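Numbering (this note's numbering), first residue to last: 67 to 232.
A virtual CB, placed ideally from N, CA and C, is assigned to each residue, including glycine.
None of these values were measured; they are calculated from a predicted model.
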Ligand SMILES: Cc1cc2nc3c(=O)[nH]c(=O)nc-3n(C[C@H](O)[C@H](O)[C@H](O)COP(=O)(O)O)c2cc1C
């Protein structure tokens with residue numbers, strides 16, 4: 067299984083979490099700068115992992131405005147994808163990690179199959195668009211208020227993704 071981990075190399079925390087996910091996957095994974103994307107790149111991987119933080123009360127950061135039109139032209143039919151998001155549950159409890167939903171909303175209609183749902187247990191927030199059927203639609207990392215949980219969350223998620231790919 068070949069895994070591509072797509073995130074912006076210009077970010078702070080998203081990049082750091084992307085690198086940690088990359089390390090956890092080991093040799094089978096490569097990281098790709100989503101700001102330098104060529105849409106054919108997605109075809110190279112069995113599993114596409116995409117990361118984004120949430121900004122501006124529930125939106126994607128500005129650099130996504132340039133990337134989304136490219137994503138919409140890519141072939142995601144039957145492509146297995148998993149999304150990781152960063153957010154701050156204390157600072158933005160009404161929009162916690164909404165970026166996961168914002169990406170899923172674009173990718174699923176293109177045919178992508180979403181893996182890696184996770185439990186909301188252990189988080190405290192009012193609302194998140196990224197919850198579907200009681201679970202986050204990916205991995206939500208909160209480096210501001212729960213950095214001590216990040217390592218375990220990443221380890222468990224990568225294990226889960228490996229088993230979901232079989
Ligand atoms: C201006 C601003 C707006 C933010 N809005 C949200 C938000 O709506 N929901 C959320 O969960 N986190 C929000 N955050 C928290 C960020 O998602 C969090 O700090 C993340 O770790 C930033 O990662 P990055 O440095 O890779 O962009 C916001 C942060 C900033 C600075």
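One or two residues paired with residue 125 in a DSSP bridge: DSSP lists 121 as partners of residue 125.
Rounded C-alpha distance that separates residue 234 from residue 223: Here the chain has residues from 67 to 232 only, and residue 234 is not among them.
Proximity below 8 Å, CB of residue 178 to CB of residue 145: With contacts defined as CB atoms closer than 8 Å, residue 178 and residue 145 qualify as a contacting pair.
Where the alpha helix (DSSP H) through residue 226 begins and ends: Where residue 226 is concerned, the enclosing alpha helix (DSSP H) stretches over 216 to 230.
Best match in 93, 195, 90, 161 for proximity to residue 167 [C-alpha to C-alpha]: Looking at the Cα atoms, 195 is the closest of the given residues.
Extent of the continuous beta strand (DSSP E) to which residue 72 belongs: Per DSSP, the unbroken beta strand (DSSP E) holding residue 72 starts and ends at 69 to 73.
Heavy atom of ligand 1 within 7 Å of residue 75 beta-carbon: The closest heavy atom of ligand 1 lies 7 Å or more from the beta carbon of residue 75.
Residue 103, DSSP secondary structure in three states: Three-state DSSP puts residue 103 in coil, outside helix and strand.
Contact test: residue 210 Cβ vs ligand 1 heavy atom, cutoff 7 Å: Yes - ligand 1 has a heavy atom lying nearer than 7 Å to the Cβ of residue 210.
Reduced DSSP category for residue 143 - H, G, I as helix; E, B as strand; rest coil: Correct three-state label for residue 143: coil.
CA nearest to the CA of residue 227, picked from 115, 82, 127: When only C-alpha atoms are compared, the closest one is 115.
Pair within 8 Å by beta-carbon distance, residue 113 and residue 69: Residue 69 is positioned such that its CB atom lies closer than 8 Å to that of residue 113.
Bridge partners - residue 184, DSSP secondary structure assignment: Answer is 202, bridged to residue 184.
Contact belief for residue 88 with residue 97 at Cβ below 8 Å, rounded distance in angstroms: Separation of the CB atoms of residue 88 and residue 97 is rounded to 5 Å, and the pair is thereby assigned contact status at 8 Å.
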